[in-house]
Every structure is written in C-alpha cells, then in structure tokens.
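Notes to accompany the following structure.
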Ligand SMILES: NC(=O)c1ccc[n+]([C@@H]2O[C@H](COP(=O)([O-])OP(=O)(O)OC[C@H]3O[C@@H](n4cnc5c(N)ncnc54)[C@H](O)[C@@H]3O)[C@@H](O)[C@H]2O)c1
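In our numbering, the protein residues as written are 299 to 558.
So, in structure tokens, the structure goes:
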C-alpha cells in the first residue's frame with residue numbers, strides 16, 4: 299500500500315480491539331496501515347491484538363500481533379527486538395495504553411494509585427527508553443503518547459490517579475522532546491477529550507446505563523457529540539507522518555472544544 303506513511307515501521311502499544319466498535323489504539327493502527335506503514339500491534343491481550351491485525355489485513359495492510367504488558371521491561375525489550383528483527387527499524391512509537399480506576403482523593407488506595415501510574419506513566423517511559431536509542435541510531439523517529447483532557451482539568455468522573463498520571467505523561471513528553479530534538483527524535487502527546495469507544499461505554503453498569511451515559515457525554519461536548527476513535531487516529535496520522543517533521547513537544551488537543 300502507498301500513502302503518507304509509505305515504508306514506515308510503526309509500533310502501536312495498546313493496539314487491541316474487541317468487538318465491532320473501534321477503540322483509539324486500533325483506529326490508529328488501522329489508519330497507519332491504510333497509509334502504507336507496516337504495523338506491529340502490541341497489546342497485553344493477544345486476542346485483542348489479533349483482532350486489530352485482522353482488521354488491517356481486511357483492508358490489504360501489513361500487520362503482526364505481539365503480546366506484551368507495558369509493566370514488564372523484559373516483555374517490552376522482546377517487543378522492540380521483535381520489531382527490529384522483522385523490519386530493521388522503528389519509525390514511530392505510538393503509545394496508546396491507558397487505564398483508569400475510580401477514586402477521588404479521600405478514597406484512592408495506594409495499590410490503585412501505584413497500578414495506574416505503573417501502566418499510564420512507567421509503561422510509556424519503559425517503552426520509549428527501549429526505542430529511543432534505535433531511533434537515534436537510525437537518524438530520527440516520532441513518539442506519540444496518548445493522554446487525556448483529564449490531565450488538564452477537573453473531571454466529574456473521579457479518577458485522581460488517571461489525571462495525575464496523564465499530566466505527568468504530558469510533561470515527560472516535553473522533556474523527552476527537548477532532550478532528543480538534536481537527534482531528530484520527536485515526541486508529541488495527543489490529548490483526547492470525550493471519545494466514544496467501547497472502553498468508555500464499559501465504564502457503566504449495564505447497556506441502559508451506558509446509553510444514558512453516552513447521551514450525557516455527548517451533551518457535555520460543545521459540538522454536541524463525543525469524538526470518535528478516528529478523530530484521534532487522524533491527529534496521530536499527522537504526528538506519525540513527515541508532515542509534522544518540525545513539530546515536537548506538542549500537546550495536540552482533540553476534544554471538540556471541551557476544554558475551552
Ligand atoms: N475513550 C475516551 O473517552 C478517552 C478519552 C481520553 C483519553 N483516552 C485514552 O485513550 C487510550 C485508549 O483508550 P480506549 O478508550 O480506546 O481504551 P481501551 O481500553 O480500548 O484501549 C487500551 C488498550 O490498552 C491495552 N492495555 C491495557 N493495559 C495494558 C498493559 N498493561 N499492557 C499492554 N496493553 C495494555 C488494552 O488491552 C486495550 O487494548 C487510553 O490511553 C485512554 O486513557 C480515552
């Protein structure tokens with residue numbers, strides 16, 4: 299396939315999809331492949347990674363699954379080595395993994411706090427730490443992190459650890475961007491607002507509650523609708539492509555005006 303990412307090799311971490319509706323990581327993986335990249339779809343769930351590979355092969359793209367948990371440095375190294383063994387380079391690291399656990403300040407437990415920060419913050423650090431030396435060796439690359447608007451403002455959903463881990467991810471992005479700019483390694487972060495993904499729907503007790511929840515989320519958005527995973531993917535496509543070759547350290551807000 300030819301396109302804006304022709305011949306690029308892209309590692310998408312948290313690329314899995316489950317069911318018919320598409321999640322952020324899967325939409326990005328499909329978009330990258332549609333634009334000509336070879337994509338390694340990594341996820342802690344091999345079944346979910348396989349489902350995204352199936353979607354990509356369906357449109358004639360090139361992809362392969364890989365099972366890895368971002369809390370595990372050994373698995374991360376194996377994932378990066380696998381991508382290098384297959385393709386010899388990694389042009390783009392797209393880090394989509396993120397979880398949330400309920401808890402405002404007076405309810406959050408230490409275990410929950412540590413778990414969320416291990417996945418949302420330590421995971422992207424471990425992965426970038428493994429990939430950056432190879433990007434430097436090959437003359438550059440693009441790292442794309444996925445944050446959340448909860449990193450910048452209070453949210454009615456009480457996820458204190460989610461907000462703080464994503465806020466730290468934003469700043470890690472800036473520091474990494476400045477540190478490695480001399481090597482043409484770019485690092486940017488997408489800051490999505492409310493996005494209608496299967497994961498967001500699953501935050502509710504049952505299908506009826508999810509429907510009410512979806513309507514409430516739509517009403518909170520100035521455009522009258524939540525974003526879709528494809529809105530996030532289109533922003534990621536820009537940051538993955540050479541069209542953004544002079545863009546680094548950016549917080550790219552994709553929220554339909556929610557934060558204004
Ligand atoms: N949906 C929204 O409204 C929204 C809004 C803002 C930001 N985001 C962010 O977008 C990203 C994806 O969101 P989504 O709604 O598509 O969720 P999702 O749960 O569908 O996607 C996350 C993927 O990461 C994988 N994963 C989870 N823990 C992992 C681990 N330890 N190691 C490896 N893989 C792991 C999951 O299996 C899943 O495939 C997250 O970073 C989330 O914080 C989502």
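Heads up, the beta-carbon is just placed ideally off N, CA and C, and yes, glycines get one too.
On a Cα-Cα basis, can you pick out the residue from the options that is closest to residue i?
i           : options               : result
residue 457 : 329, 401 and 553      : 401
residue 463 : 475, 474 and 444      : 444
residue 447 : 557, 313, 414 and 476 : 557
residue 469 : 541, 350, 549 and 368 : 549
residue 522 : 324, 545 and 555      : 555
residue 349 : 363, 414, 481 and 358 : 363
residue 399 : 384, 438 and 413      : 413
residue 406 : 478, 461 and 475      : 461
residue 453 : 518, 356, 476 and 545 : 518
residue 385 : 366, 432, 484 and 543 : 432
residue 419 : 409, 451, 369 and 428 : 369
residue 499 : 489, 512, 490 and 450 : 512
residue 535 : 479, 322, 436 and 316 : 322
Are the Cβ atoms of residue i and residue j separated by less than 7 Å?
i           : j           : result
residue 538 : residue 390 : yes
residue 388 : residue 307 : yes
residue 533 : residue 552 : yes
residue 320 : residue 527 : yes
residue 424 : residue 376 : no
residue 354 : residue 381 : no
residue 313 : residue 341 : yes
residue 492 : residue 524 : yes
residue 336 : residue 360 : yes
residue 434 : residue 481 : yes
residue 472 : residue 440 : no
residue 285 : residue 466 : Not covered by the structure: residue 285. The range shown for the chain is 299 to 558.
residue 530 : residue 490 : yes
Mind checking who residue i pairs with in its DSSP beta bridge?
i           : result
residue 307 : 336
residue 401 : 457
residue 361 : 337
residue 393 : 311 and 443
residue 549 : 487
Taking 6 Å as the line, does the beta carbon of residue i fall inside it for any heavy atom of ligand 1?
i           : result
residue 348 : no
residue 394 : yes
residue 308 : no
residue 498 : yes
residue 368 : yes
residue 467 : no
residue 312 : yes
residue 441 : no
residue 495 : yes
residue 343 : yes
residue 401 : no
residue 431 : no
residue 492 : yes
residue 444 : yes
residue 516 : no
residue 374 : no
residue 532 : no
residue 354 : no
Any heavy atom of ligand 3 inside 6 Å of the beta-carbon of residue i?
i           : result
residue 449 : Judged by which ligands are present, ligand 3 is missing from the structure shown, whose ligands are ligand 1.
**Report entry** Completely contained alpha helix (DSSP H) runs for the region 480–540, where each covers 4 or more residues
**Finding:** 496–499, 505–518 and 527–538
Query raised in the report: Whole alpha helix (DSSP H) runs in the region 411–459 with 4 or more residues, listed along the chain?
Result: 421–436
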